[in-house]
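No gaps in the numbering here: position 308 of the sequence shown is 361 in the numbering used here, and each next residue is one more. Ideal Cβ placement from N, Cα and C applies to all residues, glycine included.
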Amino acid sequence: MAPVASVEVGPPAKKGEGRARRYYKSADALVQAPEKIRCLSDIISHAAEKYPNDQAMGWRDTIDMINEEKEVKKTVGGKGVTEKKTWSYWHLSDYKWWTYSELAEYIKYAGQALVHTGHSKDTIFNIYSATSRRWQVMANACASQSITFATAYDSLGEEGLAHSINQPEVYGIFTNANLLDTIAKVVSQTPSLKVVIYDGEDKDVKKGAVETLETAGLKVHKFDDFIEMGKKNPCDFNPGKGDDIACIMYTSGSTGAPKGVQITHTNIIACIGAVEFLLPHVIKHGETYIGYLPLAHIMELAVELSLFAVGARVGYATVKTLTDASVRNCAGDIRTLQPTIMVGVPAVWELIRKGIVAKVNGSGMIKSNLFWAAVALKKAAGIGSFLGSIADAVVFKAVAAGTGGKLKYAMSGGAPISKETQEFLSIALVLMIQGYGMTESTAMAALLPPELHRYGTVGVPVPSVEIKLVDVEEASYSATNEPPQGEICVRGPSITKGYYKNEEETKRTIDEDGWMHTGDIGQWNPDGTLSLIDRKKNLVKLSGGEYIALERLESIYKSSQYVSNIVVYGDANASRPMAIVYGHEANLKALVKQQGIDVEDEFTAIAHNEQVKKAVLNDLVTVGKKAGLKQLELLSTIVLDSMEWTAQNGMLTAAQKLQRKPIVEHYKKEIDAVYP
């Protein structure tokens with residue numbers, strides 16, 4: 054019989070809360086650090102000593118941009134019009150690689166150049182750049198000289214960028230050539246900024262940007278020149294350690310201004326030690342990881358550092374070139390690299406699932422029936438079974454080829470993923486590992502190792518933390534419920550010391566006993582795993598007096614084939630919730646054909662058609678019933694739209710999380726017309 058995945062530890066529970074629980078293998082002592090690693094700088098230094106000639110970081114060069122002209126049909130004033138549009142595609146090289154010894158050299162020289170340009174333990178550096186090998190070089194270079202680095206998403210506009218420079222009084226910044234103009238626009242508002250280092254080609258620099266920065270008194274350096282400067286100006290290695298702040302990571306700010314989370318060297322190495330302890334058979338030497346998520350997001354940074362710690366290799370990619378759709382004369386990044394490990398947020402996995410389903414359903418009756426029969430067979434026989442392996446070899450091999458054919462594990466984090474999507478992808482593509490955490494926990498609070506694989510849970514407390522549940526009386530969540538429920542509180546060496554220059558928020562989040570109150574509602578399952586129910590702030594009371602959990606409902610309804618994204622909305626005057634839906638264009642067009650709905654073949658017209666709305670609502674209700682939702686959790690109506698939700702239009706955060714309030718405000722007129 055398998056052991057219970059987590060066990061109670063410590064003193065008896067206080068009134069209104071449950072006892073602390075730890076992963077059963079770390080019940081006696083929490084993991085503090087991996088062997089031989091005591092600070093951020095040790096990670097790559099150790100790998101370079103042990104695996105000097107192994108590939109560490111890979112990238113692709115752009116050989117050419119290819120323009121193709123296409124005819125696009127659209128409706129203008131009720132009439133069909135054909136327009137010509139030019140589409141650009143990337144022609145990319147194969148992957149090129151730095152070895153660990155080469156990577157360590159770049160970090161050394163970049164660190165020396167930072168010191169030569171006036172950076173020290175008393176200054177703060179900012180990384181405002183897309184994910185790349187040079188992002189990691191600059192972060193590790195800072196660590197090699199006890200310089201704290203702050204992060205800024207490359208999608209930030211002027212206001213957000215100015216805040217991330219001014220609050221920590223940034224002295225130097227690393228960026229991309231195409232972002233220099235944004236810095237130039239705020240330079241008059243950022244008096245502390247003195248040094249700019251940029252990566253990329255001069256053709257991508259907007260005219261006048263460098264001149265504006267230099268006129269303001271800043272020193273501007275190209276990355277390659279900066280490295281050469283470091284070679285010529287050696288200095289002693291001076292790594293940060295222990296409770297020194299390695300990084301100020303700004304949250305993406307779904308509520309209010311972004312908060313700067315202080316992450317120490319102790320936090321980082323405890324996180325990496327926990328990953329090695331919990332997933333030694335997953336995060337190991339010889340694996341290949343595809344890095345495309347923002348490194349300004351703690352999950353991507355923590356995963357990459359964990360892989361570097363064991364000498365694995367990371368190939369960098371971009372969202373635009375990940376698949377074959379936007380490249381010519383070459384394969385997309387994922388098929389070229391052939392990764393063995395891939396991480397994504399739920400929105401990515403939902404799109405992959407819907408893409409697979411759409412392709413299968415359009416492949417003809419025989420192939421479609423064979424695929425769904427194989428899904429049913431593997432589901433009944435179990436993942437890892439003999440019959441499951443036959444289904445993999447005969448049917449699912451073609452699905453796996455789309456991700457390069459070598460994928461062993463997929464990880465989902467950042468938000469809850471629906472059970473349906475996790476189960477489908479674990480059967481048809483690769484075993485999916487679910488995790489839970491936040492910036493404040495250095496990415497990880499709970500993780501589900503493959504040997505404990507099951508659905509509907511985020512796993513066990515990672516070995517560097519302990520978790521307890523605290524009652525939320527107004528919503529009837531209690532640690533004495535069966536099963537125990539309440540607000541998730543986390544404590545351990547990987548938990549932040551607090552928010553930068555924000556003592557009030559720090560005291561509100563971390564109590565006097567060191568427990569971080571996450572604001573998430575969780576539940577202990579009989580097997581000792583943890584499940585997420587929702588966010589405290591996303592609990593809504595309906596007219597009947599019962600609460601519904603918006604985020605939980607969204608994770609379920611998002612699995613509908615007609616949904617690209619969804620916000621569930623509830624009102625105290627209504628007996629049931631409604632939803633605002635950004636539709637899935639291809640699947641809605643297929644729906645129109647299948648049901649013979651008389652509407653123009655144009656996305657906006659389809660999304661606003663009443664018959665289409667009714668069909669989508671019926672599908673959502675069916676999805677909800679299959680998931681076992683109560684009557685009061687089933688949607689009463691929807692607003693369906695064709696406008697994509699992005700960080701640029703304010704509907705998502707930079708980390709691709711829903712901006713609930715702006716979305717509801719944007720659709721207020723449409724909501725009021727149909728609800729409550």
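Check, Outcome
"Segments assigned beta strand (DSSP E), at least 3 residues, entirely inside the segment 211-260", "223-229, 248-252"
"Alpha-carbon to alpha-carbon, ARG544 and GLN712", "28 Å"
"Buried/exposed call for GLN648, threshold 16 Cβ in 10 Å", "exposed"
"One or two residues paired with THR115 in a DSSP bridge", "LEU145"
"Candidates MET352, GLU527, LEU271, of which the one nearest LYS590 by Cα", "GLU527"
"Test item: CB-CB of THR201 and ASP297 under 9 Å", "yes"
"Endpoints, the alpha helix (DSSP H) within which ALA205 is located", "Segment 201-205 is the beta strand (DSSP E) holding ALA205; no alpha helix (DSSP H) there."
"C-alpha distance - GLN198 paired with THR533, whole-angstrom precision", "50 Å"
"Complete runs of the beta strand (DSSP E) confined to the segment 519-598 [at least 3 residues]", "519-523, 538-544, 569-577, 583-588, 592-594"
"Neighbourhood of GLU604 by C-beta distance below 6 Å, restricted to the same chain and skipping five residues each side", "ASP587, ARG588, ASN591"
"Spatial neighbours of ALA668 in its chain, beta-carbon cut-off 7 Å, leaving aside the 5 residues before and after", "LEU644, GLN648"
"Three-state secondary structure (DSSP) of PHE178", "strand"
"Extent of the continuous beta strand (DSSP E) to which ASN40 belongs", "It is not possible to answer for residue 40, since the shown part of the chain is limited to 54 through 729."
"Cβ-based burial, ILE116 [other Cβ within 10 Å; buried from 16]", "exposed"
"Cβ contact (3+ pairs, closer than 8 Å) linking the segment 332-344 and the segment 160-180", "no"
"Distance CB(ALA205)-CB(TYR303) smaller than 9 Å", "yes"
"Cutoff 7 Å; reference ASN662; Cβ partners in own chain excluding five residues on either side", "ILE650, VAL652"
"Helix, strand or coil at TYR720 [DSSP, three-state]", "coil"
"Given ILE316 as reference, the closest of VAL452, ALA203, HIS506 once Cα atoms are compared", "ALA203"
"Distance between GLY677 and VAL428 (C-alpha atoms, nearest Å)", "21 Å"
"For ILE188, the three-state DSSP class (helix, strand or coil)", "The sequence as given places Trp at residue 188; Ile does not occur at that position. Three-state result, TRP188: helix."
"Integer Cβ distance of THR184 from PRO347, believed to fall under 8 Å", "6 Å"
"Beta-carbon proximity check, GLU476 vs LYS432, cutoff 9 Å", "yes"
"Buried/exposed call for ALA82, threshold 16 Cβ in 10 Å", "exposed"
"Distance cut-off 8 Å: TYR224 Cβ against heavy atoms of the ligand MG", "With respect to the ligand MG, the structure shown offers nothing to examine, as it has no ligands at all."
"For GLY457, three-class secondary structure by DSSP", "coil"
"Beta-carbon spacing of PRO503, LEU484 below 9 Å", "yes"
"8 Å CB neighbourhood of SER241 in its chain, flanking five on each side removed", "ALA269"
"Length at least 4, wholly inside the segment 423-509: the alpha helix (DSSP H) runs in chain order", "439-444, 450-454, 472-481"
"Cut-off 8 Å between Cβ atoms - residues of its own chain near GLU245, not counting five sequence neighbours on either side", "According to the sequence shown, residue 245 is Ser rather than Glu. Closer than 8 Å at Cβ, skipping near neighbours: ILE218, ASN219, GLU222, VAL223, TYR224."
"From ARG72, VAL125, GLN538, residue whose alpha carbon lies closest to that of VAL525", "GLN538"
"Cβ neighbours of MET54 in the same chain (closer than 8 Å, five flanking residues each side left out)", "Caution is warranted here: a pLDDT of 46 is assigned to MET54, below 50, making its placement in the model unreliable, and the coordinate value is therefore given only provisionally. Cβ within range, chain order: n/a, list empty."
"Short Cβ contact (9 Å threshold) for ILE633 with VAL674", "no"
"9 Å Cβ cutoff met for GLY364 and ALA100", "yes"
"Closest Cα partner of CYS383 within the set ASP654, SER471, VAL410, ILE119", "ILE119"
"Nearest candidate by alpha-carbon position, reference GLU519, set VAL57, LYS67, TYR77", "TYR77"
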